[in-house]
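Using this note's numbering, read the sequence shown as starting at 3 and increasing by one per residue. We treat Cβ as the ideally placed atom computed from N, Cα and C, and that holds for glycine. Okay, so here's the structure we're looking at.
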Amino acid sequence: MSLQTLPSDAADLRPNRPEDAQALEADARLRDDIRLLGRILGDTVRDQEGADVFDLVERIRQTSIRFHRDEDRPARRELEQILDGMSTSETVRIVRAFSYFSHLANIAEDQNNIRQMRAGKGGGSGVLAETLAKAKAAGIGADTLRNFFKSALVSPVLTAHPTEVRRKSTMDREMEVARLLDRRERVALTEDEAAASDEQLRREVLTLWQTNLLRRTKLTVLDEVANGLSFYDYTFLREVPRLVNALEDRLEEGGEQAASELASFLRMGSWIGGDRDGNPFVTADVMRGTLRLQSSRVMQFYLNELHVLGSELSIAAHLADVSGELRTLAERSPDTSPHRSGEPYRLAVSGIYARLTATAEKLEVEITRRPVGKGAPYESVKELQADLDVLHRSLISNNARVIARGRLRLLRRAVDCFGFHLARLDIRQNSAVHERTIAELMDAANPGMSYLALGEEARISLLTNELRSIRSLVSPFVKYSDETMGELNVFHAAAEAHAKFGSDAIPQCIISMCKGMSDMLEVAVLLKEVGLVHPSGRSAINIVPLFETIEDLQASSGIMDRMLSLHDYRRLVDSRGSVQEVMLGYSDSNKDGGFVTSGWELYKAEIGLVEVFERHHVRLRLFHGRGGSVGRGGGPSYDAIVAQPGGAVNGQIRITEQGEIISSKYSNAEVGRNNLEILAAATLDASLLQPSQSAPRREYLTAMDELSNLAFKAYRGLVYETDGFVDYFWGSTVINEIATLNIGSRPASRKKTRAIEDLRAIPWVFSWAQCRLMLPGWYGFGSAVEQWIAQHPDKGMPFLKELYKEWPFFRMLLSNMDMVLAKSSIAIASRYAELVPDEALREKIFGRIRREWHSCIETLLDIMDQDRLLQGNPLLERSVRHRFPYLDPLNHVQVELLREHRAQNPDEQVLRGIQLTINGISAGLRNTG
């Protein structure tokens with residue numbers, strides 16, 4: 003936080019290898035940015051809190067470095083003495099200082115990534131351009147690529163999973179700091195401008211320091227919706243159309259213009275306001291409010307763009323020809339201003355503006371702009387598109403293509419991408435809730451029946467017959483339970499949304515914890531009750547099973563084989579274009595079976611599903627429920643998509659973007675555009691450029707099966723079969739304290755128990771990240787490799803090195819472990835273990851974890867031929883190392899505060915201090931949940 007506290011000056015960070023020296027030289031501007039922000043923060047702390055607090059921060063940081071470097075015992079005792087000697091108010095101020103440094107370091111790092119991204123693009127190319135060049139080199143022409151994108155779908159789906167600990171107020175200030183750094187980078191400032199920029203930076207940092215890091219109140223679902231919508235302002239509304247248009251231009255380079263425009267394959271999705279699984283606060287009314295907020299945001303955007311477009315299209319009729327259809331459109335305009343009488347484009351835009359305003363009123367969504375006159379509302383988004391197309395054709399036909407390619411082109415593309423609904427909202431609920439709802443309806447309609455007592459085959463028969471029935475299962479004369487009425491109301495609201503905003507408003511109904519055919523048929527019957535499924539076999543919505551546990555993943559291909567063989571369900575699939583979406587859950591499968599087995603069972607499930615769908619001639623679309631952390635399926639998106647088995651992508655993919663990952667990817671328009679490009683490029687690469695066979699060599703599959711079984715036994719043996727593990731987990735992590743943070747509307751557990759089975763995957767992973775073990779991201783791999791080598795001495799380590807070199811899936815698996823282990827610290831974790839009051843239990847379990855941690859690192863480095871973690875990713879390696887001097891003290895303070903809190907210290911600042919450390923550690927680790 004001063005010149006002396008920069009990571010580059012710390013003894014353990016001095017370069018001692020040639021590649022380090024080169025890398026540090028390349029990152030000189032990053033160090034300059036960190037130095038600048040660190041100095042400003044240090045000055046702020048000194049000015050606001052006094053020199054004593056600043057000096058205390060320095061002592062803690064330096065002692066922490068010594069402890070982290072080699073588990074220095076004297077340093078540990080010294081650190082404990084410092085922390086024990088602090089008052090609670092001093093502790094809170096120390097925590098805030100280290101937390102804010104993590105936040106500011108993230109900003110500097112992001113700016114450095116942008117800098118390197120620009121340098122890499124050179125003449126304007128990027129990852130998508132590189133993939134197109136690979137396709138061209140492989141002999142794939144522009145027409146083939148246009149046809150590919152005609153049926154392609156790339157859909158990032160934003161969720162409200164509670165892993166983003168930052169408030170929007172602090173994020174706004176951080177974005178302003180980022181903007182100021184970016185301006186210093188791009189603009190040659192005069193001396194006065196540079197001084198003004200410095201002062202503005204100091205103003206922003208001081209405002210940050212005086213802003214609450216923590217939310218004082220719990221978020222509502224509509225608060226989460228509003229937060230999610232801000233990313234449309236930052237990035238999506240402009241960058242999604244620009245990306246598709248840029249791709250269209252690239253496909254036309256060096257050739258004739260295509261007969262039709264490129265299909266808008268990039269579609270935004272959302273769960274925020276539609277995900278009811280475990281969240282009782284998502285109701286039918288909340289869902290209606292969500293759709294109104296989404297529509298309001300996109301309608302306001304269109305109106306703003308039309309307002310500016312009208313001012314730009316000042317083309318006079320006597321100076322440029324216009325088409326007959328444009329004149330007709332202008333004549334229908336309610337704009338009677340004499341100033342625009344000879345400007346047909348402006349009149350036409352005024353008319354479109356008036357109609358769009360009337361449409362917003364009809365849809366009951368709020369807008370701030372008012373038209374110059376009355377207009378008839380658009381009946382559908384296609385009518386709006388038709389009017390905008392009139393402007394486009396007139397400009398093109400009268401030699402004004404360059405004007406047509408400006409704001410009008412982006413607006414036309416935006417309307418095509420976002421419609422009147424903005425994002426495609428999924429509705430999701432747990433299969434157990436659907437089961438109870440159907441049971442109540444069936445039992446009421448059939449006196450004497452007990453649906454819950456029926457076996458699976460009997461349920462399938464009953465539900466299939468109900469699908470064909472034209473009568474309603476719901477009776478107006480029966481009083482149903484609140485839960486059943488709540489579910490029926492949500493389905494009715496979905497039907498209303500289709501009528502109001504179009505079928506793209508809610509195109510998917512997702513079934514969490516799907517375990518059998520009846521789970522899918524129950525949803526089909528409920529959708530029939532509201533008219534979204536018709537007895538004739540038509541469906542207006544996709545029914546999507548979500549397979550989450552290891553057992554369910556293993557059963558998934560068998561379930562889908564039977565579903566697609568079932569005549570009444572197959573008719574529904576065919577009515578949806580013979581496309582069936584299947585969602586795969588990364589989080590719960592990891593919590594259930596561990597990182598290695600989860601990854602492997604997901605991969606095998608995809609192989610099985612690809613083969614089943616090919617046999618049934620149905621197109622498979624996979625929806626990947628990935629979290630931010632490796633323990634929940636996170637990691638580099640491009641590598642993850644390309645590593646899918648052949649046929650698993652096939653031009654269509656949906657993928658969740660969750661929690662803090664949303665803000666890190668999409669707060670900055672340039673970074674957001676790059677991340678969208680990565681998804682599009684990887685989908686193209688995986689579909690057209692990767693091997694088409696669904697499975698690699700048989701011996702690879704066999705070896706991975708064996709490794710997975712061994713890792714599964716190790717993980718389950720620890721987490722589910724060790725007496726006292728639940729007590730150890732609740733005692734050695736911040737799981738209890740996480741629940742006190744106001745970071746989301748959803749409860750942390752499905753049921754009110756301490757059982758690991760009932761705990762949601764997010765707090766499970768989040769808790770292990772806070773104590774720096776990251777156990778869900780690696781546990782079981784080391785011992786699995788050791789046992790496998792002992793069982794296969796003829797193959798041994800050379801074979802595993804071949805797997806790593808030749809198989810993208812295995813390479814991605816190890817690369818993700820490499821990253822997560824680099825962020826872990828067994829020294830820090832040992833302090834959390836001491837919070838467990840039972841010494842024997844503590845020694846037994848932590849000793850086991852420590853041995854597996856060392857084993858995992860040793861085997862990982864051996865297979866990857868590395869001397870150290872992250873050796874192959876020097877940028878991330880430096881980032882992680884730079885963070886430790888500021889991250890470790892937060893962990894040490896958190897341990898002391900946890901000890902006090904659990905000793906029933908009544909001072910409310912103790913809990914607040916813990917919450918602040920959670921915020922700071924999360925910021926320092928970045929992808930924590």
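Asked	Found
Any contact of the segment 59-70 with the segment 910-920, i.e. 3+ C-beta pairs under 8 Å?	no
Comparing alpha-carbon positions, which option in Glu366, Ala356, Cys511 and Asp506 lies nearest Ser433?	Cys511
Rounded to a whole number of angstroms, what is the C-alpha to C-alpha distance between Pro795 and Arg883?	37 Å
Determine the contact status of Pro158 and Met301, defining contact as a CB-CB distance below 8 Å.	no
Who pairs with Ser325 in a beta bridge, going by DSSP?	Paired residues: none, contrary to the question.
Between Glu307 and the rest of its own chain, which residues show a CB-CB distance below 8 Å, the 5 nearest in sequence each way excluded?	Arg409, Leu412, Leu413 and Ala416
What number of angstroms, rounded off, separates the C-alpha of Leu390 from the C-alpha of Tyr304?	11 Å
So which of Gly579, His619 and His494 has the shortest CA-CA distance to Gly533?	His494
For the candidate residues Lys502, Ala716 and Ile657, whose alpha-carbon lies nearest to that of Leu160?	Ile657
Taking 6 Å as the limit between beta carbons, can you name the residues of its chain near Tyr347, skipping five residues before and five after?	Leu315 and Ile317
Taking Asn677 as part of the alpha helix (DSSP H), name the residues at either end of that continuous run.	Ala671 to Leu686
In the DSSP assignment, the alpha helix (DSSP H) including Phe422 goes from what residue to what residue?	Careful: Phe422 lies outside any alpha helix (DSSP H) and carries neither H nor E.
With a cut-off of 8 Å, do at least 3 Cβ pairs link the segment 180-197 to the segment 129-139?	no
So what's Ser399 in DSSP terms, helix, strand or just coil?	helix
Pull up the CB-CB distance for Leu443 and Leu475, whole angstroms please, since I reckon it's below 8 Å.	5 Å
Would you call the CB atoms of Gly926 and Leu892 closer than 8 Å?	yes
Is the separation between the beta-carbon of Val612 and that of Ala650 shorter than 8 Å?	yes
Kindly indicate which three-state DSSP category Ser734 falls into: helix, strand or coil?	helix
Quick one: what does DSSP say Pro243 is sitting in, helix, strand or coil?	helix
Please state the DSSP three-state secondary structure of Met451.	coil
Identify, in the order they occur along the chain, each residue of the same chain with its Cβ nearer than 8 Å to the Cβ of Met819, setting aside the five sequence neighbours on each side.	Phe597, Val632, Gly779, Trp780, Phe783, Cys858 and Leu862
Run through DSSP, which three-state label would Ser559 get?	helix
In this structure, what does DSSP give as the bridge partners for Met585?	Leu548 and Phe625
Could you name the residues of the same chain whose beta carbon sits closer than 6 Å to that of Leu777, not counting the 5 residues immediately before and after it, in chain order?	Trp770
Counting along the chain, where does the alpha helix (DSSP H) carrying Ile462 start and finish?	Glu458 to Arg470
Cβ atoms of Ala757 and Val728: under 8 Å apart, would you say?	yes
Taking contact to mean at least 3 C-beta pairs separated by less than 8 Å, is the segment 287-297 in contact with the segment 524-531?	no
Please classify Glu345 as buried or exposed, where buried requires at least 16 neighbouring CB atoms within 10 angstroms.	buried
Output the residue ranges of the beta strand (DSSP E) runs that lie fully inside the segment 138-216 and measure 3 residues or longer, sorted by chain position.	155-161
Following the continuous alpha helix (DSSP H) through Arg75, name the residue where it begins and the one where it ends.	Arg75 to Asp86
Check Ile513 in the structure and name its three-state DSSP category.	strand
Out of Gln387, Gly450 and Gln789, which has the shortest C-alpha to C-alpha gap to Val351?	Gln387
According to DSSP, Gly271 sits in a beta bridge with which residue or residues?	Val159 and Arg426
Specify whether the segment 661-678 and the segment 238-252 touch according to this definition: at least 3 beta carbon pairs, one from each stretch, less than 8 Å apart.	yes
Thinking just about the alpha-carbon of each residue, which of Ile916, Ala356 and Lys384 is nearest to the one in Arg371?	Ala356
For His320, which option in Leu686, Asn400 and Met565 has the closest C-alpha, if you only look at C-alpha atoms?	Asn400
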